[in-house]
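Visitor: My numbering puts the sequence shown at residues 5 to 93.
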Amino acid sequence: MKPDTSTAMHQLIEQVRDSIPFSMPVSDLCSGICNGCSKKLIDYLDMELVDWEQRLDAGELPKLGDINRLAKTSWKIYRVLQKNQLIPE
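Okay, structure coming up:
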C-alpha cells in the first residue's frame, strides 16, 4: 500500500536531510571545484525543507506535484554537490 502524500513528503524530507551535508562548514563548501554555489544551493534547499515541515505541521496536505517538485530540486542540488566533490559519487 502506498503512503499518503503527507507521509511521502515526510519521508522525502528525511531522505534529503540524511543525504545532503547541511552541517558542513562554509570553509569546506567553498573550497576546490565550484560548478554552482554549494552554500547558496544548500541554504535554498534547507529553506524549502523547513517551509514544508512547517506546512505539514500546520496540517497542509501536499499534492503529488509538490512532492515531485521537491524531489527534482533536491536531486539537482545533490548532483551539483557531487560535481563539486562534496558528496561521493
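Ideal placement from N, C-alpha and C gives every residue a C-beta, glycine not left out.
Going by C-alpha distance, which of 59, 45, 51 and 46 is nearest residue 9?
Guide: Taking the sequence shown and counting its residues from 1, the one referred to as residue 9 is at position 5. Selected option, being the one with the closest Cα: 59.
Visitor: Counting only the same chain and skipping the five closest in sequence on each side, list residues whose C-beta sits under 7 Å from that of residue 23.
Guide: As a working mapping, residue 23 is identified with position 19 in the sequence shown. Around residue 23: 82.
Visitor: Just curious, the alpha helix (DSSP H) that residue 71 is in, first and last residue?
Guide: Residue numbering aside, residue 71 sits at position 67 when the sequence shown is read from its first letter. Per DSSP, residue 71 belongs to the alpha helix (DSSP H) from 68-87.
Visitor: Rounded to whole angstroms, what is the Cα-Cα separation between residue 14 and residue 6?
Guide: As a working note, residue 14 is residue 10 in the sequence shown. As a working note, residue 6 is residue 2 in the sequence shown. One C-alpha to the other measures close to 14 Å.
Visitor: Quick one: measure Cβ to Cβ for residue 29 and residue 90, integer angstroms, because I've assumed they're closer than 8 Å.
Guide: In the sequence shown, counting from the first residue as 1, residue 29 sits at position 25. In the sequence shown, counting from the first residue as 1, residue 90 sits at position 86. The Cβ separation is near 11 Å, so there is no contact.
Visitor: Name the residue from 31, 51, 92 and 27 whose alpha carbon lies nearest to the alpha carbon of residue 77.
Guide: Residue mapping note: residue 77 aligns to position 73 of the sequence shown, counting from 1. With distances taken between Cα atoms, residue 77 lies closest to 51.
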